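From first to last, the protein sequence lines stand for chains A and B.
Those letters in the first sequence? Residues 1 to 378, by the numbering used here.
Those letters in the second sequence? Residues 379 to 846, by the numbering used here.
Notes follow the structure.
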Amino acid sequence: MTAVAANLKNPPSSFPEGELLFNQVRDIVRDKLAPLTVKIDEGYYPAEVLRALGEAGVFRQHLASQNGHGEFDINAALKAMDIVSQECMSTGFMVWAQNVVAWYVEMSDNDYLKQTLLPKLARGEALGGTALSNPMKYLAGIEPLLVSAVETADGFILNGTLPWVSNLGPDHWFGSIFKVSGDKPRDVMAMVNTSWPGMELKQLAKFCGMEGTGTYALFFKDVFVPKNHVLGDPLIPYIKKMKAGFVLLQTGMATGLIEGCIKLCEDVELKLGHVNCYLDDRPDELREELEDAREVISSLGEDIFNQDAEFMRSVLEARLLGSELSLRAANSAMLHTGANGYLHDAPAQRKLREAYFVAIVTPATKHLRKEIEAMAAL
Amino acid sequence: MICGWIYDETKGDPDSGIAPGTRFEDIPEDWSCPLCGVTKADFITMEEYAAQRASSGPKSRPRRARGQVGGEDAVVIVGSGIAGWTAAEQLRAQDADRLITLITADDGCVYPKPSLSMAIGQGRSADDLIEQSGPDKAEALGVTLQANTRVLGIKPKDKRLMTTKGKVTYGDLVLALGASQRRLAFEGDAADQILRVNDLTSYRKMREKLSSGPQHVTLIGAGLIGVEFAEDLHAGGHRVTLLDLGQQLLGRLAPLPIARRLLASLRQHGTEFLPGVSLAALDTDGNRLRATLNDGESLTTDLVISAVGLVPNTDLAKKAGLNVNRGIVANADNMRTSDPHIYAIGDCVEVDGRSYFYIEPIRRQAATVAAALIGKHRPFAHLPMAIRIKTPSLPINICPPDQSVADFGDWHVHTPAEVSDDDKGTCRMDFLVRNQLVGYALTGRCTPQSEHLHRIVIESLFAATTAA
């Protein structure tokens, strides 16, 4: 009995898991994130929130090497992202970006990065972005690769541009795919730091929302990337291994956003139910669909290394469903809340913009449909 | 309360100098709504408001404004192949008012699937094969078409589907999910480029890859689809190598003498057949592909098509907990699955242990399901399959012996091939069980006998069943 009691006082893992973790995430969302949501939408980068989430263990759930229980718990990572996105999807998006940067290293064979950088990413001490928007579109045959490289004995020298990479700032990390010319032409992926010589971040565009996501255009001028930072070479087998996780992890943003939209509809039920009942996509209907979607996503999350083409198609479809439902739920939140949802700082109109983001961010709805159609022929 | 703004005592109205925590009755009378300007006297409690508004609400849930996809009274058909559309047609013909929704992963267009393996020689593109667009067909039948939508899951208990566009409820569900070409795993950096042609989308892709002029095509699998493609690709000006792990063409379908005749005629126009061989790896080799075979040999090719057999698409049914064997198990009486509101027809289904990958039985299954949906009884009968193999250099008609008798008889030459040059392919073989004709294979000038022989086979099968 004493042994059990002692264990309860000093749990073997120093990281909270399961409901304990999710409650801690809810506390961070309520105390630290919620007061900043509007500011983040307008341009404030909430580094302190991300670090608090990192300390709580949000970025390590899917990393078997870092989470203390040796499993790739995609579903726990998704649920934490879901809880964050219910309040602020900008932050949910950055949770995804951070999760994926860590995923890059976890899925690679690079022991050096696994020992040096990965623990910091998993704790949120080091932050980073995915930077794979252009490469993902390149691999789907949508646009050319925008970064090129020359190989040297101990590394690569990069030149080019990446538009719109998020969760960046000084001394942040991102994964870059570049086209190597020379004797052995190929595509390679490596980890790059924004503060390395030759890197420049420029905030060129102003978006209609989600401005606090640390989104920049990246300029590479003779940036030297040492070979001990390579993630994937050859690239394709590496991408195949990590792609399902990359895409499926995004669905946590969508489910959280949809949940947030449903709550907005429910909140005005007492006041407006007598007339909102004339609307399509009522909160109870949306909730049924959300729970179905979560069920589909969670069954995929348990099988993340399945290499079957059918499985990848299901992941893309789940991601597509996330976009479609997000748009409907946000539209519904607008119609249910009426003019109050149209006020300048109202959550409903912010969620509407967030929903478009879900449908536009890579892989976008059109990109997903293109990939799914291409798979139909294989 | 004109604009709907709610005074929350915990938040107060700091912009008007009302501190958080101020009770509503303690607010000065001249205070007004910060949003619309009405005065304190116009405010009522939430409870009063809700009661007031609720009394003006409707008694039951209003109808949806948006066009309905599916619905509690609707028949929802999943799949727009021949099975799916035929079921819609048959049901509409017998019930003018039934709500029907057809959900399909592609655009729903109507095309004759058997043409996929004879259209290259005819110079027909994918678009040429389309008989009617999905929306046109749907309009003609009065069916709601939900195209480009994949079904992710079925909830039989709640009678609803999860799709990539959200949920769809159904009264009755008809699964016409089709089958897929079996996917074999191959090594090599170009293994992903191997095509499996089983629908218009993949046919279109094949035509794109062949569009740059005559090429060399490697076909994995020398079954029905394999030999038909071999002939058709040749007719389109391409060179073909056929691989098969078996020793003959049409291994599970045709007797050896017939297969030999077909091989002779394929060889005559340059098609190569490698028996006992399959692909091991496919790699890029400059602009072309290098196919490494499992006997260690290799060949340079431009396109690899895999046709090693159809596998019923059963994943959805399996996940939904339906009874699934090789195919989705359905009852011949009404094509109903193990769920009382879910039916299955076509390539995805299994009836009494048999799959039916041919058009004629699929149409009859669609008629059975349509009858069941309007409360009529029109059971699906198992009939011996009369198959016409579309190999113009040597036309073949085959009625393979049914699996229940295949082990009890043998092929016998009825009319041997003649040796004259203009008629070398003519041959008739019979499959006899205790001197009863239960199957046949015809080539050349014997093929017109097919109809007559098919009737005899049906009669002997019928006699056998009644005797048992």
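We put the beta carbon where it would ideally sit given N, CA and C, even for glycine.
Note that this is a predicted model, so its numbers are computed, not measured.
Collapsing the DSSP output to three states places Asp680 of chain B in coil. In its chain, beyond the 5 residues on either side, Asp808, Phe809, Leu831, Ile834, Val835 and Ser838 have a beta carbon closer than 8 angstroms to the beta carbon of Leu815 of chain B. At a cut-off of 9 angstroms, the C-beta of Lys241 of chain A has no neighbouring C-beta in chain B. The segment 84–91 of chain A makes no contact with the segment 126–146 of chain A: fewer than 3 CB pairs, one atom from each, lie closer than 8 angstroms.
Chain B places no beta carbon closer than 9 angstroms to that of Arg186 of chain A, leaving this residue out of the contacts.
Under the three-state reduction of DSSP output, Tyr818 of chain B falls in the strand class. Ranked by Cα distance from Gly322 of chain A, the first of A:Thr337, A:Leu368 and A:Asp345 is A:Leu368. Comparing C-alpha distances from Thr596 of chain B to each of B:Thr579, B:Ser590, B:Asp610 and B:Leu621 shows the shortest one belongs to B:Leu621.
Neighbours of Tyr278 of chain A in chain B, taken as residues whose beta carbon is under 7 angstroms from its own, are Pro440 in chain order. Residues are counted here when their Cβ sits less than 9 angstroms from a Cβ of chain A; for the segment 576–598 of chain B these are Asp577, Thr579, Ser580, Tyr581, Arg582, Lys583 and Met584, given in chain order. Annotation: the continuous beta strand (DSSP E) that includes Asn193 of chain A extends over Arg186 to Asn193. Rounded to the nearest angstrom, the gap between the Cα atoms of Gln593 of chain B and Ala613 of chain B is 12 angstroms.
When B:Tyr548, B:Lys515, B:Asn665 and B:Thr769 are compared, the shortest CA-CA separation from Pro534 of chain B is found for B:Tyr548. Among the CB atoms of chain B, none fall inside 9 angstroms of the CB of His367 of chain A. Counting every other CB atom within 10 Å of its CB across the protein chains shown gives Tyr104 of chain A a total of 16 or more, marking it as buried. DSSP places Glu151 of chain A within a strand segment (E or B) once states are collapsed to three.
Judged by beta-carbon spacing, Leu218 of chain A lies within the 9 angstroms limit of Val165 of chain A, meaning their Cβ atoms are closer than that value. Counting of Cβ neighbours within 10 angstroms places Asn703 of chain B among the exposed residues, the total staying below 16. At a C-beta separation below 9 angstroms, Ala659 of chain B has no neighbours in chain A, since its nearest C-beta there lies roughly 15 angstroms away. Under the DSSP assignment, Arg350 of chain A falls in the alpha helix (DSSP H) whose first and last residues are Pro347 to Ile360. Among the residues facing chain B, Arg328 of chain A is included, as its CB has a counterpart in that chain under 9 angstroms away. Put simply, the segment 129–137 of chain A does not touch the segment 53–63 of chain A. Fewer than three CB pairs are less than 8 angstroms apart.
In chain order, Phe564, Glu565, Gly566, Ala569, Ala669 and Thr670 place their CB closer than 8 angstroms to the CB of Ala659 of chain B, counting only its own chain and leaving out the 5 sequence neighbours on each side. The C-beta of Arg812 of chain B has fewer than 16 other C-beta atoms within 10 Å across all chains shown, which makes the residue exposed.
Per the Cβ contact rule, the segment 253–262 of chain A is not in contact with the segment 218–233 of chain A (fewer than 3 Cβ pairs under 8 angstroms).
Residue pairing from DSSP leaves Lys241 of chain A without any beta-bridge partner. Per DSSP, the unbroken beta strand (DSSP E) holding His792 of chain B starts and ends at Asp788 to Thr793. From the listed residues A:Ala293, A:Asp281, A:Gln24 and A:Ile239, the smallest Cα separation to Met253 of chain A is found for A:Ala293. At the C-beta level, Ala56 of chain A and Pro16 of chain A come within 9 angstroms of one another.
Within the DSSP secondary-structure output, Cys805 of chain B pairs in a beta bridge with B:Thr821.
Nearest CB-CB separation between Ala376 of chain A and chain B: below the 9 angstroms threshold.
Straight through space, the alpha carbons of Gly415 of chain B and Ala77 of chain A are spaced by roughly 47 angstroms. Looking at the DSSP output, Asp391 of chain B sits in a beta bridge with B:Ile396. Secondary structure remark: continuous beta strand (DSSP E) runs of at least 3 residues inside the segment 657–704 of chain B, in chain order: 657–663, 666–671, 676–679, 681–684 and 688–690. Contact between Glu317 of chain A and Leu530 of chain B is confirmed by a C-beta separation of about 6 angstroms, below the 8 angstroms threshold. Sequence-distant Cβ neighbours of Gly70 of chain A in its own chain, meaning closer than 6 angstroms and more than five residues away, are Ala64.
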